[in-house]
Amino acid sequence: MQQSILKRNNINITGKGTQTILFAPGFGCDQNMWRLVAPAFEEKYRIVLFDYVGSGKSDYSAYNAERYSSLYGYSQDVLDICAFLELKEAIFIGHSVGSIIGLLASIQKPEYFERLIMVGPSPCYLNEPPHYMGGFEKQDIKELMELMEMNYIGWANYLSQVIMKNPDRPELSKELSDSFCSTDPIVARQFAAATFLSDHRADLPKSVVPSLIMQCAEDAIAPLTVGDYMHRHLPHSTLRLMKATGHCPHLSHPEETIGLIQGYLKHNLVVKE
Amino acid sequence: MDEHLNHAPCGYLTLADDGTILTINQTLLNLLGYDINELRGKHINCMMTVSSRSFFQLYFFPLIQLQGTVEEMYLPLQPKGENPLPFLLNALRKVTEKGTATHCMFTLMKRRREYEQSILEIKREMEEQNRIKEEMITELELLQRQLEHKQQELVEMNSRLKVLAETDGLTGLKNRRSFQESLSLNMSLCQESSLPLSLLLLDVDHFKNINDTFGHLTGDKVLQVLALLLKESTKEDDVVARYGGEEFAVILPNADQPQALQVGEKIRSLAEASYSTSPWFTVSIGAVTMSLEDTVTSLQSKADRALYSSKRNGRNRVTHFDFLHRSTDPNSLK
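Just so you know, the sequences run in chain order A and B. Note that UniProt numbering has the first sequence beginning at 1, numbered continuously upward. Note that UniProt numbering has the second sequence beginning at 1, numbered continuously upward.
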């Protein structure tokens with residue numbers, strides 16, 4: 001069981017420190033997304049990288065449509081990893097939906113986490129006028145899923161599988177292992193639904209672990225107003241606006257990202273309630 | 001910008017790492033209906049739909065940063081005041097002394113998109129059909145299981161009915177009809193295998209008196225005691241049946257004349273000794289052992305004559321048919 005968690009979530013551990021930083025990727029990509037940021041922390045921390053089941057080099061056979069139909073399934077994966085590595089007071093750094101997954105995990109087992117660092121988080125992507133503007137209408141999400149479908153590199157293979165009913169897709173698994181940004185189309189569609197149709201606004205006040213919200217400029221996925229909403233509803237949270245634009249500051253502006261994280265880690269924490 | 005590139009038959013632009021548009025060719029400006037001054041220095045987000053913006057950030061951006069190239073990415077762009085146009089995007093990120101720029105080629109793919117949409121539509125229909133098929137199969141399997149269950153119930157009910165149809169309600173022994181079938185079957189089997197077969201007919205002596213004296217419930221009790229006693233005195237392959245009223249029959253396959261007499265005598269003596277559980281009663285028994293020419297009818301008739309002889313000779317005795325004609329008395333055993 002334990003060995004299988006290592007394999008299931010493709011866990012990679014580096015770093016020389018004792019306190020652990022757990023890096024969680026966002027939607028659509030795998031642990032490679034942290035390659036410009038994570039090495040900066042190797043000297044002082046123990047670094048744990050992982051992939052969600054169904055993406056990167058995770059064990060696709062462990063995918064379970066029911067378990068991963070909501071973000072709770074993914075947060076259970078995070079808890080499994082914490083339990084397996086016997087983490088205590090770890091620093092969780094999550095990108096995008098990864099930060100919400102970490103937040104849900106921390107609400108369930110606060111003892112695993114010392115603090116959360118959230119890069120571009122959003123508790124709810126859908127607009128709910130007039131009080132909440134997540135940035136998306138249902139139609140936008142539908143179009144996004146269509147775009148994913150149109151761009152899925154293996155969909156010709158997938159199509160032939162659906163029509164030919166051929167369960168073995170060796171070419172496909174090869175392609176998947178070559179590209180860190182693709183996932184199985186079914187998994188990707190369900191993850192997209194679990195992510196973009198989720199609403200975890202009610203979970204925010206339940207948080208007890210101190211957190212940093214890193215908000216980018218011009219982020220089409222998590223706009224400023226969402227970062228602001230997060231900060232207002234998340235207890236013990238700090239909001240930092242970044243010069244970085246877009247949704248992936250850890251790729252586009254690694255120095256600024258690293259600097260902000262280091263600055264926050266130097267701070268003493270508000271005592272947990 | 002090079003004139004050829006500016007008017008090339010495809011859209012072209014360069015992006016800074018933060019997504020700012022550095023240069024854009026006239027072809028793309030024409031397709032999107034913009035003037036160069038409206039786009040230069042702006043973020044590429046401004047020429048995309050909400051969904052393509054998100055897709056761009058989720059997929060294009062990480063890929064170009066980590067891999068340096070993006071090939072054949074389908075991405076709709078948003079022209080000024082019109083419906084989105086579908087493009088195929090190829091991109092290359094170049095790092096030079098002057099700085100870093102991502103070169104993007106946009107090829108319009110209206111017709112190609114129609115094809116792909118049709119194929120995806122077929123795919124969706126196939127998925128839907130597969131789903132419906134699987135649902136139907138599941139339902140059929142459920143019906144199949146229900147049917148099998150019902151059939152099982154029917155088989156069990158039939159076997160219960162068969163037992164009921166063959167059983168005498170009061171004594172739990174086989175009834176007359178079932179006895180006739182068993183006799184016929186056992187006679188054929190024994191004849192085929194050249195084995196002997198004997199038949200005993202029994203009658204409770206003075207049964208009418210028992211009923212008159214002690215009542216019918218006690219009479220019934222006597223019959224039940226006798227039934228139990230018959231089962232105990234016979235082997236598993238023997239057939240014990242209630243012949244009618246206070247008459248009983250026992251088929252003894254593979255039993256010759258001495259064995260028949262032995263079983264008969266055992267029954268007679270046990271009945272005589274059974275007064276601890278019911279009013280004292282005795283039985284008269286007629287025995288017969290099958291000969292070659294015997295039929296079901298002749299065998300019963302012979303047993304009946306032997307039984308009659310036992311009655312006539314004072315009851316509470318066993319008479320074998322073979323001894324009937326030699327003399328009157330010594331044939332009966334007391």
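Quick reminder that beta carbons are idealized off the backbone N, C-alpha and C, glycines included.
In angstroms with no decimal places, state the Cα-to-Cα distance between residue i and residue j.
{"i": "ARG145 of chain B", "j": "SER269 of chain B", "result": "56 Å"}
{"i": "GLN78 of chain B", "j": "LEU15 of chain B", "result": "17 Å"}
{"i": "TYR264 of chain A", "j": "GLY54 of chain A", "result": "32 Å"}
{"i": "LEU104 of chain A", "j": "LEU71 of chain A", "result": "8 Å"}
{"i": "ALA227 of chain B", "j": "MET187 of chain B", "result": "23 Å"}
{"i": "VAL37 of chain A", "j": "ASN90 of chain B", "result": "27 Å"}
{"i": "ASP59 of chain A", "j": "ALA83 of chain A", "result": "19 Å"}
{"i": "LEU88 of chain B", "j": "VAL209 of chain A", "result": "45 Å"}
{"i": "LEU63 of chain B", "j": "LEU140 of chain B", "result": "47 Å"}
{"i": "residue 279 of chain A", "j": "VAL97 of chain A", "result": "The first residue shown for chain A is 1 and the last is 273, placing residue 279 of chain A beyond what the model contains."}
{"i": "ARG240 of chain A", "j": "GLN129 of chain B", "result": "50 Å"}
{"i": "PHE196 of chain A", "j": "THR96 of chain B", "result": "38 Å"}
{"i": "VAL283 of chain B", "j": "ARG315 of chain B", "result": "7 Å"}
{"i": "ASN3 of chain B", "j": "ASN25 of chain B", "result": "For the record, residue 3 of chain B in the displayed sequence is Glu; it is not Asn. So the alpha carbons of these two residues sit roughly 9 Å apart."}
{"i": "ASP168 of chain B", "j": "ARG131 of chain B", "result": "57 Å"}
{"i": "ASP212 of chain B", "j": "GLY244 of chain B", "result": "19 Å"}
{"i": "LEU92 of chain B", "j": "LYS133 of chain B", "result": "45 Å"}
{"i": "PRO279 of chain B", "j": "PRO196 of chain B", "result": "36 Å"}
{"i": "LEU13 of chain B", "j": "ALA188 of chain A", "result": "30 Å"}
{"i": "GLU272 of chain B", "j": "VAL163 of chain B", "result": "31 Å"}
{"i": "THR257 of chain A", "j": "ILE137 of chain B", "result": "54 Å"}
{"i": "ALA194 of chain A", "j": "TYR68 of chain A", "result": "8 Å"}
{"i": "LYS243 of chain A", "j": "ARG113 of chain B", "result": "37 Å"}
{"i": "TYR63 of chain A", "j": "GLU143 of chain A", "result": "25 Å"}
{"i": "GLN151 of chain B", "j": "SER233 of chain B", "result": "39 Å"}
{"i": "SER159 of chain B", "j": "HIS320 of chain B", "result": "37 Å"}
{"i": "residue 279 of chain A", "j": "PHE61 of chain B", "result": "Because chain A here runs from 1 to 273, residue 279 of chain A falls outside it and cannot be looked at."}
{"i": "ARG169 of chain A", "j": "GLY73 of chain A", "result": "Summary for ARG169 of chain A: the model assigns pLDDT 47, below 50, so the residue's position carries little reliability, and this model does not support an answer."}
{"i": "LEU229 of chain B", "j": "GLY286 of chain B", "result": "17 Å"}
{"i": "SER252 of chain A", "j": "HIS267 of chain A", "result": "25 Å"}
{"i": "THR102 of chain B", "j": "ILE119 of chain B", "result": "32 Å"}
{"i": "GLN262 of chain A", "j": "LYS123 of chain B", "result": "49 Å"}
{"i": "SER207 of chain A", "j": "ASN37 of chain B", "result": "47 Å"}
{"i": "ALA260 of chain B", "j": "VAL288 of chain B", "result": "8 Å"}
{"i": "LEU142 of chain B", "j": "LEU161 of chain B", "result": "28 Å"}
{"i": "LYS311 of chain B", "j": "HIS206 of chain B", "result": "10 Å"}
Using C-beta distances below 8 Å, list every residue in its chain close to residue i, excluding the 5 sequence neighbours before and after it, in chain order.
{"i": "SER182 of chain B", "result": "LYS174, VAL239, ALA241, ILE251"}
{"i": "THR27 of chain B", "result": "ASN6, HIS7, ALA8, PRO9, CYS10, GLY11, TYR12"}
{"i": "ASP18 of chain B", "result": "HIS43"}
By the three-class DSSP mapping on this structure, what secondary structure does residue i have?
{"i": "GLY219 of chain B", "result": "helix"}
{"i": "SER207 of chain A", "result": "coil"}
{"i": "SER61 of chain A", "result": "helix"}
{"i": "ASP203 of chain B", "result": "strand"}
{"i": "PHE55 of chain B", "result": "helix"}
{"i": "SER182 of chain B", "result": "helix"}
{"i": "GLU128 of chain A", "result": "strand"}
{"i": "CYS10 of chain B", "result": "coil"}
{"i": "TYR74 of chain A", "result": "helix"}
{"i": "GLN78 of chain B", "result": "coil"}
{"i": "THR18 of chain A", "result": "coil"}
{"i": "MET1 of chain B", "result": "coil"}
Between which residues of its own chain and residue i is the CB-CB distance below 6 Å, once the five residues before and five after are set aside?
{"i": "GLU89 of chain A", "result": "GLU114"}
{"i": "GLU247 of chain B", "result": "ASP203"}
{"i": "LEU84 of chain B", "result": "According to the sequence shown, residue 84 of chain B is Pro rather than Leu. These residues qualify, in order along the chain: THR49, PRO76, GLN78."}
{"i": "LYS5 of chain A", "result": "One detail in the question is off: residue 5 of chain A reads as Ile in this sequence, not Lys. Here the set comprises ASP80, PHE84."}
{"i": "PRO167 of chain A", "result": "At PRO167 of chain A the pLDDT is 49, less than 50, meaning the model places this residue with poor confidence; the figure from the coordinates comes in the next sentence. If we look at PRO167 of chain A and ignore the five residues flanking it on each side, it has no Cβ neighbours."}
{"i": "LEU212 of chain A", "result": "ILE117, THR238, TYR264"}
Can you tell me whether residue i sits near the ligand PLP, meaning its C-beta is under 7 Å from at least one heavy atom of the ligand?
{"i": "GLY172 of chain B", "result": "Summarising the ligand content, the structure contains no ligands, and the ligand PLP is consequently not present."}
Go through its chain and collect everything with a Cβ distance to residue i's Cβ below 7 Å, but skip five positions before and after it.
{"i": "CYS216 of chain A", "result": "GLY120, MET242, ALA244, THR245, GLY246, HIS247, PRO249"}
{"i": "ALA65 of chain A", "result": "GLN190"}
Do the segment 210 to 226 of chain A and the segment 48 to 58 of chain B meet, that is, are 3 or more Cβ pairs less than 8 Å apart?
yes
Quiz item: Would the segment 215 to 230 of chain B and the segment 253 to 265 of chain B be scored as touching if the rule is three or more Cβ pairs under 8 Å?
Solution: no
Please list, in chain order, the residues of the segment 110 to 126 of chain B that have any C-beta partner in chain A closer than 9 Å.
ARG113, GLU116, GLN117, ILE119, LEU120, ILE122, LYS123, MET126
Practice problem: Check whether the segment 74 to 83 of chain A touches the segment 200 to 210 of chain A, counting contact only when three or more Cβ pairs, one atom from each stretch, lie closer than 8 Å. | Solution: no
- Message: Assess contact between the segment 189 to 204 of chain B and the segment 294 to 314 of chain B, defined as three or more Cβ pairs (one per stretch) separated by less than 8 Å. Is contact present?
- Response: yes
Residues from the segment 63 to 79 of chain B in contact with chain A, defined by Cβ distance under 8 Å | LEU63, GLN65, LEU66, MET73, TYR74, LEU75, PRO76
Against chain B, which members of the segment 244 to 257 of chain A pass a CB distance test of less than 9 Å?
ALA244, THR245, GLY246, HIS247, CYS248, LEU251, SER252, HIS253
Determine contact between the segment 3 to 21 of chain B and the segment 129 to 147 of chain A, defined as no fewer than three beta-carbon pairs at a distance below 8 Å.
no
- [ ] State whether the segment 122 to 131 of chain A contacts the segment 34 to 48 of chain B, with contact taken as three or more CB pairs (one from each stretch) at a distance under 8 Å.
- [x] no
Next on the checklist: Along the segment 213 to 235 of chain A, where does the CB come closer than 8 Å to a CB of chain B? Name the residues.
Outcome noted: GLU218, ASP219, ALA220, ILE221
Handout entry: Residues from the segment 28 to 40 of chain A in contact with chain B, defined by Cβ distance under 9 Å
Key = GLY28, CYS29, ASN32, MET33, ARG35, LEU36
(request) Select from the segment 135 to 148 of chain A all residues with a C-beta closer than 9 Å to any C-beta belonging to chain B, and list them in chain order. (result) GLY135, PHE136, GLU137, GLN139, ASP140, ILE141, LYS142, GLU143, LEU144, MET145, GLU146, LEU147, MET148
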